[in-house]
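Engineer: Quick note, in the numbering used here, the sequence shown goes up one by one and the last residue is 238.
Think of the CB as a built atom: it goes at the ideal place given N, C-alpha and C, for glycine as much as any other residue.
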Amino acid sequence: MTNRIYILSLFTIALVSFTTQNGPLVKDSTEISIKDSTEEVVIQVSGLVVTGDSLTPLPFATVYRSRDARGTMTDENGFFSLPTLEGDTLQFSSTGYVTRHAVINEGGDKNRISIVQAMSRDTVMISDAFIYPWPSRERFRQEFLALGLQNGDLSLSQGVDPFDVYDRLINVGMDGQAASTEVLRQMSLEMHYGGIQPTNILNPVAWARFIQALKNGDLSN
């Protein structure tokens, strides 16, 4: 009798110790169902974003998950890769194109799927604009005078003497481009006479000017 009580006590202690370390032998069915229903499946989505008319890869398009607004951008070849959960909605957007959505229903083989998303161009329609001519010259004169333009600029331009402006421009020195052009012109002239200025002793025009100066008394002191 004493041995049975002793063995029963040891069995009870061992059972309590095992339950404490490993949890209950039989789990609640409600807990199991909740855990199974909340298990999330990660799906790796990869693919290309192309234009709908020519199937040209669309670089730098935005691809993100609608539930948390997190995603990525396509590279220069229109390729993207993004981890998602089963049931997520992917949003594709790019400037000048209509925004598209794709729902990820199942992961396929090894929870990896590949898609090709075509984007159609977004055409913005504006209201019609009608351009009408003035009905008459009198109406144009009336509308032009109603602008209230100041005549100060006209008076200022009329007060400028063009001859005075010309005299002032003569005294203005040459800029860099003009000076360079003048140097090149002088070098071109010197190439014809070897760099030495020709003498005018046999120049008939110079002799005619000299004789005329003597007659006029320009050379007398």
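With H, G and I counted as helix, E and B as strand and the rest as coil, what does DSSP make of Ala78?
Structural biologist: Looking at Ala78 - three-state DSSP - the assignment turns out to be coil, as it is neither helix nor strand.
Engineer: Measuring CB to CB, does Thr106 end up less than 8 Å from Val115?
Structural biologist: no
Engineer: Considering just the uninterrupted stretch of the alpha helix (DSSP H) at Gly193, what are its terminal residues?
Structural biologist: 193 to 207
Engineer: Scan the region 121 to 191 and note each continuous beta strand (DSSP E) run of 3 residues or more that stays entirely inside, going in chain order.
Structural biologist: 129 to 136
Engineer: Out of Arg84, Gly95, Val62, which one is the CA nearest neighbour of Thr68?
Structural biologist: Gly95
Engineer: When the distance is taken between beta carbons, is Ser83 closer than 8 Å to Gln108?
Structural biologist: yes
Engineer: Tell me the rounded alpha-carbon separation between Ala195 and Asp184.
Structural biologist: 18 Å
Engineer: Measure how close the beta-carbons of Ser98 and Ser71 come, nearest whole angstrom, since I'm counting them as under 8 Å.
Structural biologist: 24 Å between Cβ atoms; not a contact.
Engineer: Among the candidates Asn233, Leu65, Ala223, Leu231, whose CA atom is the shortest distance from the CA of Ala135?
Structural biologist: Leu65
Engineer: Give me the DSSP bridge partner(s) of Ala230.
Structural biologist: Per DSSP, none; premise fails for Ala230.
Engineer: Return yes when the Cβ of Ser111 is within less than 8 Å of the Cβ of Thr79, no when it is not.
Structural biologist: Cβ atoms of Thr79 and Ser111: closer than 8 Å.
Engineer: DSSP on Val66, reduced to helix/strand/coil?
Structural biologist: strand
Engineer: What would DSSP say about Ile51, mapped onto helix, strand or coil?
Structural biologist: Only weak support is given to the placement of Ile51: the predicted model assigns it a pLDDT of 44, under 50, and the value that follows is read from those uncertain coordinates. It is helical.
Engineer: Of the choices Gly124, Leu231, Ala225, Ala223, whose alpha-carbon is the least far from that of Pro100?
Structural biologist: Gly124
Engineer: Here's a check: name, in chain order, each residue in its chain whose Cβ is nearer than 7 Å to the Cβ of Glu57, leaving out the five neighbours to either side.
Structural biologist: So the list reads Leu102, once near-sequence residues are dropped.
Engineer: In whole angstroms, give me the CA-to-CA distance for Ser197 and Met204.
Structural biologist: 11 Å
Engineer: Give the DSSP bridge partners of Ser71, in chain order.
Structural biologist: Note: Ser71 is not bridge-paired with any residue in the DSSP secondary-structure output.
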